[in-house]
Amino acid sequence: MEQWNDLAFARSWAERNTGDSTERRQPLDLLQRIVSDHLASGSVPARVLDLGCGHGVIAACILHELPRVALVGVDGSPPMLELACERLAPFADRCVLAQTDFETMTPADLLGGPFGVAVAVQSLGSCPIAVPRIPC
Ligand SMILES: C[S@@+](CC[C@H](N)C(=O)[O-])C[C@H]1O[C@@H](n2cnc3c(N)ncnc32)[C@H](O)[C@@H]1O
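Per this note's numbering, residue 93 is the first one in the sequence shown, and the count goes up by one each step.
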């Protein structure tokens, strides 16, 4: 987590990992389709939880493609959240961001639920405890 609190590291990673970068485009499209199909059933709330939303690229894709969906993005890194806040400004009426460290997070930190879908892209790999504790 420490490296993500470093402004230079966060900015450098964010610049190299945009929604347009070739290695990210295909998996992002696939994720987009899975989320869309799941919510299309109408049997779950049209709310997405983005765990480790980082600079907001995944959230922006979802909010852009699914105009009736609301999204809560949580991340532990202030610099990454600042970038997310800029990127997601056009979706401010459907998007909430919060700073939360997965290692100390409780269900009460996840405002805006219940969620129909939770996504976590490249964010839980180094965190040993998060997934089973999250209700969605
Ligand atoms: C590789 S980036 C991925 C960002 C975004 N999901 C994406 O794919 O574009 C990893 C993100 O997970 C966040 N993260 C890592 N460990 C975390 C923790 N223990 N608590 C909260 N956020 C964490 C970092 O701050 C960073 O923004």
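Just so it is clear, CB atoms sit at the ideal spot from N, CA and C, and this is done for glycine as well.
Report the residue from the options whose alpha carbon sits nearest the alpha carbon of residue i.
i, options, result
"alanine 151", "Asp193, Pro199, Leu120 and Pro206", "Leu120"
"arginine 160", "Val213, Leu189, Cys145 and Gly208", "Gly208"
"leucine 131", "Cys153, Leu158 and Phe183", "Leu158"
"threonine 192", "Ala184, Gly165, Arg125 and Val127", "Gly165"
Can you check whether the CB of residue j is closer than 8 angstroms to the CB of residue i?
i, j, result
"leucine 141", "alanine 210", "yes"
"glycine 146", "serine 104", "no"
"glycine 148", "arginine 179", "yes"
"leucine 203", "cysteine 187", "no"
"serine 111", "cysteine 153", "Rather than serine, the amino acid found at residue 111 in this sequence is glycine. Cβ atoms of glycine 111 and cysteine 153: closer than 8 angstroms."
"serine 169", "alanine 102", "yes"
Alpha carbon to alpha carbon, how far is residue j from residue i? Give it in angstroms, no decimals.
i, j, result
"methionine 172", "serine 135", "32 angstroms"
"alanine 212", "aspartate 167", "10 angstroms"
"asparagine 230", "aspartate 201", "Outside the displayed range of the chain (93 to 228) lies residue 230, so it cannot be described from this structure."
"arginine 155", "glutamate 174", "It is worth fixing the name first, because residue 155 is leucine in this sequence and not arginine. About 18 angstroms."
"arginine 108", "glutamine 118", "16 angstroms"
"leucine 143", "serine 133", "22 angstroms"
"leucine 122", "alanine 181", "24 angstroms"
"alanine 190", "threonine 198", "13 angstroms"
"glutamine 124", "arginine 116", "12 angstroms"
"cysteine 177", "methionine 93", "19 angstroms"
"glutamine 95", "phenylalanine 183", "28 angstroms"
"isoleucine 226", "serine 128", "The predicted model places isoleucine 226 with a pLDDT of 47, which falls under 50 and marks its position as unreliable; any figure quoted below should be read in that light. Taking the straight line from one Cα to the other gives about 21 angstroms."
"proline 137", "aspartate 185", "17 angstroms"
"isoleucine 126", "arginine 139", "14 angstroms"
"serine 113", "glutamate 195", "30 angstroms"
request  = Tell me the start and end of each unbroken beta strand (DSSP E) in the segment 111-138 that is at least 3 residues and wholly inside, in chain order.
outcome  = none
request  = Let me know the beta strand (DSSP E) ranges lying completely inside the segment 134-191, each 3 residues or longer, listed in chain order.
outcome  = 139-143, 162-167 and 187-191
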